[in-house]
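**Student:** Questions regarding the structure given below will be posed in turn.
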Amino acid sequence: MRRSPLVGVLQETSFYGAVAFFFVLAAFPFYWMVITSFKTNGDLYNVSNIPFWFNDPPTLEHFRYLFEKTLFVTWLLNSLMIGVCVTAITLVTALPAGYSLARMTGRSGEALGIGIFLTYLVPPTLLFLPLSRVVTLLGLQNSMWSLVVIYPTFTIPFCTWLLMGFFKALPVEIEEAAVVDGCSLFGAFIKMAIPLSVPGILTVVIFTFTLTLQEFVYALTFISASDQKPITLGVATDLIRGDVFYWGEIMAGALIASIPVAIAYNLFLDRFISGITGGAVK
Amino acid sequence: MVAIADSVPKPVSRFRFILDRRDVFGSLLVAPAILYVLLLVGVPFLMAVYYSLSAYTIYDPTWRFVGLANFVDVVENPAFRQTLYNTFVFTFGSQFLGLILGKFGALVLLRPFPGRKFVRALIILPWAVPIALATVAWQWMFDSLYSVINWTLIALGFITRDQAPNWLGTPSLAMLSVIIVNAWRFFPFAIVIFLAGITAVPQDVLDAATVDGAGFWRRNYQIIMPMILPIVTIGLVFGIVFTFTDLSIVFLMTMGGPIGATSVLGFAGFQTGIVSGDVSHGAAISLFMLPVLLIVVVVMLRFIRRREI
Chain E
1 MRRSPLVGVL QETSFYGAVA FFFVLAAFPF YWMVITSFKT NGDLYNVSNI PFWFNDPPTL
61 EHFRYLFEKT LFVTWLLNSL MIGVCVTAIT LVTALPAGYS LARMTGRSGE ALGIGIFLTY
121 LVPPTLLFLP LSRVVTLLGL QNSMWSLVVI YPTFTIPFCT WLLMGFFKAL PVEIEEAAVV
181 DGCSLFGAFI KMAIPLSVPG ILTVVIFTFT LTLQEFVYAL TFISASDQKP ITLGVATDLI
241 RGDVFYWGEI MAGALIASIP VAIAYNLFLD RFISGITGGA VK
Chain Z
1001 MVAIADSVPK PVSRFRFILD RRDVFGSLLV APAILYVLLL VGVPFLMAVY YSLSAYTIYD
1061 PTWRFVGLAN FVDVVENPAF RQTLYNTFVF TFGSQFLGLI LGKFGALVLL RPFPGRKFVR
1121 ALIILPWAVP IALATVAWQW MFDSLYSVIN WTLIALGFIT RDQAPNWLGT PSLAMLSVII
1181 VNAWRFFPFA IVIFLAGITA VPQDVLDAAT VDGAGFWRRN YQIIMPMILP IVTIGLVFGI
1241 VFTFTDLSIV FLMTMGGPIG ATSVLGFAGF QTGIVSGDVS HGAAISLFML PVLLIVVVVM
1301 LRFIRRREI
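Protein sequence lines, in the order shown, are assigned to chains E and Z. If you use our numbering, the first sequence corresponds to residues 1 to 282, in order. If you use our numbering, the second sequence corresponds to residues 1001 to 1309, in order.
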């Protein structure tokens, strides 16, 4: 079948048009973050200026204000602290659980695994009322440590499921050989399985971190003190004075918080997808 | 000979012996995770159910049982019925839009072109970055005065400045705005799901169909679509769960307004239960998510089981 050149050109044009559409759709809000955060206020709030580029020279004033006059650095450190603690709790619980579920033969292992994973689907908006009572009982109201306690409720199910898939792909023969050679089951787990699962552990670390950075609902519910907020909550709710939005600062903060998550996601995307689809696709 | 005799009589403690039973050891390893989830998801879930059946508020912390009275109050409230309706519009509107964008985005990304990897990496961004931060960027883009969208429409001559829509201040437009933001957040996820599904379809099946005379659309709808249905369903289930129970987009962009036009279940539960302290009614509102979640769980289980066979 031969096509006329005109049809070919039309097809090419519409294809690249579609590429451009998706490109702009996905990237424009981030471009908008970047350009807003480097613009002077005079440039931002002048509707006769063309908004897509700099009419005044770019400025670092918003970033300076963010770092010097707001709690931005505190929020950054809070998020880091929360991320490290939640990752530690998640690894200590999910690593053995994932291993055990992968090696448990028969229906019980599979059923337990699915059961744990389904709890990942129980939404924060259903649990925040009782959990805020639990947080009060623990004496952690209005403290970032409440998030350290609560965030593992969704990172443990997710990472257990992820690691279960990972351990299933590891050949069981290596551990069996170790046990035959006189190693205890615990020893086989510590000395054989864990060293082999370093890529899986790395994935868990990255995802736990990004999941804690993305979380908003629990942070909003439990924390109102400005100096206890994680970065996402702080940037989204704390840079507004009365009715005035500090758009330059908000966009600068959003940009800084988004970059590490964006990079991590792109590097680990395939594992994430095979994690949530439960290996429905090879 | 000596070596064998040496290695056998090792003193083994009773504790060690129990740990080396496979079932005991396995249960011990899985116990901390199960315990954590039971204590902080299972128990709170039951508490939420009990809250909704009690007269519990933060001002009157008695656990008096009132039966279904809270649910009756909630359903009789027209604002709640509006909220329930909004939640369905928000969920299905944004999932529908997200799926269409995802399907076409996947078709575009399937074809090799220069810079495809870069475009793919960028397209993932809306789903990767924290939704609260992206929502704030959108709020700025929908600003009543400095909206870049309105500026563009005016510059292109579609509208004049006094006709410029107030995106977040008009009920129907506010709903459209939150749907757009949520669809925008989910379409990269849909693309990735579609791509994963389509690339898993064996090429020889497609070749055979082509030889048998199936055209592009026929291959698309009679071969690829049925084959990728399981993975698309799982993706959709995630999208529905996270949208139906969402709070952040509405909270940050519209606060449920104007006049309740974008109030959704998660937001209403938050306002009633946390902000106003009426825990029992808040729990009752939140529990309206449960039927949808249950349906979703059943669908998930069915697909997971089918995969096993």
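Virtual Cβ for every residue (Gly too), placed ideally from N, Cα, C. Just so it is clear, the structure is predicted and the values come from calculations on it, not from any experiment.
Using the C-alpha atoms, what's the distance from residue 1209(Z) back to residue 1112(Z)?
**Tutor:** 22 Å
**Student:** If you run the structure through DSSP and keep just helix, strand and coil, what is residue 100(E)?
**Tutor:** helix
**Student:** For a contact meaning CB atoms closer than 8 Å, what does residue 32(E) contact in chain Z?
**Tutor:** 1137, 1140, 1141 and 1148
**Student:** Could you have a look at residue 250(E) and say whether DSSP puts it in helix, strand or coil?
**Tutor:** Here residue 250(E) sits in helix by DSSP.
**Student:** Relative to the C-alpha of residue 1137(Z), which candidate in 4(E), 236(E) and 265(E) has its C-alpha closest?
**Tutor:** Measuring from the Cα of residue 1137(Z), the nearest candidate turns out to be 236(E).
**Student:** What are the partner residues of residue 146(E), as DSSP defines its beta bridges?
**Tutor:** None, per the DSSP bridge assignment.
**Student:** With a threshold of 8 Å between beta-carbons, can residue 134(E) be considered close to chain Z, or not?
**Tutor:** yes
**Student:** Can you pull the chain E residues whose beta carbon is under 9 Å from the beta carbon of residue 1036(Z), in chain order?
**Tutor:** 89, 93, 152, 153 and 156
**Student:** Pull out every residue of the region 1238-1251 of chain Z whose Cβ sits closer than 9 Å to any Cβ of chain E, in chain order.
**Tutor:** Residues of the region 1238-1251 of chain Z with a Cβ closer than 9 Å to any Cβ of chain E, in chain order: 1238, 1241, 1242, 1244, 1245, 1246, 1247, 1248 and 1251.
**Student:** Mind checking the region 203-216 of chain E against chain Z and listing, in chain order, the residues whose C-beta falls within less than 7 Å of any C-beta there?
**Tutor:** 213, 214 and 216
**Student:** Can you pull out the residues from the region 237-267 of chain E whose beta carbon lies closer than 7 Å to at least one beta carbon of chain Z?
**Tutor:** 247, 250, 251, 254, 257, 258, 261, 262, 265 and 266
**Student:** Among residues of its own chain, excluding the 5 on either side of residue 189(E), which ones have a beta-carbon nearer than 8 Å to its beta-carbon?
**Tutor:** For residue 189(E), where only same-chain residues beyond five positions count, the Cβ hits under 8 Å are 96, 99 and 175.
**Student:** My output table needs one value for residue 209(E): the three-state DSSP class, helix, strand or coil.
**Tutor:** The answer is helix: DSSP assigns residue 209(E) an H, G or I state.
**Student:** Report the rounded CA-to-CA distance for residue 127(E) versus residue 1045(Z), giving the unit in angstroms.
**Tutor:** 6 Å
**Student:** Using the Cα positions of residue 263(E) and residue 1124(Z), report the straight-line distance between them to the nearest angstrom.
**Tutor:** The alpha-carbon atoms of residue 263(E) and residue 1124(Z) are separated by roughly 10 Å.
**Student:** Are there 16 or more other CB atoms within 10 angstroms of the CB of residue 957(Z), so buried, or fewer, so exposed?
**Tutor:** In this structure chain Z extends from 1001 to 1309, so residue 957(Z) is not present and cannot be described.
**Student:** Starting from residue 1094(Z), find everything on chain E with Cβ-Cβ shorter than 9 Å and list it in chain order.
**Tutor:** Close partners of residue 1094(Z) in chain E (Cβ separation under 9 Å) are lacking, with about 14 Å as the shortest Cβ gap.
**Student:** Just to confirm my understanding: we take residue 1228(Z), look at its own chain, exclude 5 residues before and 5 after, and list those with CB closer than 8 Å. What are they?
**Tutor:** 1194, 1197, 1198, 1200 and 1201
**Student:** Between which two residues does the alpha helix (DSSP H) carrying residue 1139(Z) extend?
**Tutor:** 1131-1141
**Student:** What residue from 1150(Z), 1189(Z) and 1106(Z) has the CA that sits closest to residue 48(E)'s CA?
**Tutor:** 1150(Z)
**Student:** Taking its Cβ as the centre, do 16 or more other Cβ atoms sit within 10 Å of residue 1076(Z), making it buried, or is it exposed?
**Tutor:** Classification of residue 1076(Z): exposed, given that the 10 Å Cβ count is below 16.
**Student:** Classify residue 1203(Z) as buried or exposed, calling it buried when 16 or more other Cβ atoms lie within 10 Å of its own Cβ.
**Tutor:** exposed
**Student:** For residue 1182(Z), count neighbouring C-beta atoms within 10 Å of its own C-beta (all shown protein chains included) and say buried if the count is 16 or more, exposed if not.
**Tutor:** Counting Cβ neighbours within 10 Å, residue 1182(Z) comes out buried, since at least 16 surround it.
**Student:** Leaving aside the five residues before and after residue 78(E) along the sequence, list all residues of the same chain whose C-beta is less than 6 Å from its C-beta, in chain order.
**Tutor:** 144 and 230
**Student:** For residue 1113(Z), report the span of its alpha helix (DSSP H) as first-last.
**Tutor:** Where residue 1113(Z) is concerned, there is no enclosing alpha helix (DSSP H), given that its DSSP letter is neither H nor E.
**Student:** I want to verify the contact list: residues of chain E whose CB lies under 9 Å from the CB of residue 1286(Z), in sequence order.
**Tutor:** 123, 125, 126, 127, 128 and 129
**Student:** Residue 1269(Z) and residue 1260(Z) look like a contact to me (Cβ under 8 Å); what is the Cβ gap, rounded to whole Å?
**Tutor:** Going by Cβ atoms, the distance from residue 1269(Z) to residue 1260(Z) rounds to 14 Å, so no, they are not a contact pair.
**Student:** Quick check: the Cα distance between residue 1021(Z) and residue 192(E), rounded to an integer number of angstroms?
**Tutor:** 18 Å
**Student:** Over the uninterrupted alpha helix (DSSP H) stretch that includes residue 1184(Z), give me the two end residues.
**Tutor:** 1171-1200
**Student:** Report, in whole angstroms, the separation of the C-beta atoms of residue 1256(Z) and residue 1267(Z), which I expect to be a contact under 8 Å.
**Tutor:** 5 Å
**Student:** Once DSSP output is grouped into helix, strand and coil, what is the label at residue 240(E)?
**Tutor:** strand
**Student:** Give the single residue among 1301(Z), 1276(Z), 1299(Z) and 1292(Z) whose Cα lies nearest to the Cα of residue 1059(Z).
**Tutor:** 1276(Z)
**Student:** Would you say the region 199-218 of chain E touches the region 101-121 of chain E, given that touching needs at least three Cβ pairs under 8 Å?
**Tutor:** no
**Student:** Could you confirm whether any beta carbon from chain E is found closer than 8 Å to the beta carbon of residue 1005(Z)?
**Tutor:** In this predicted model, residue 1005(Z) has a pLDDT of only 46, less than 50, meaning its place in the structure is not dependable; the value taken from the coordinates is given anyway. No, residue 1005(Z) lies away from the interface with chain E (no Cβ there is under 8 Å from its Cβ).
**Student:** Please work out which residues of its chain come closer than 6 Å, Cβ to Cβ, to residue 261(E), disregarding the five sequence neighbours upstream and downstream, and give them in chain order.
**Tutor:** Result list for residue 261(E): 210 and 213, in chain order.
**Student:** When you compare each of 1041(Z), 1057(Z), 1093(Z) and 1043(Z) to residue 1262(Z) by their alpha carbons, which one comes out closest?
**Tutor:** 1093(Z)
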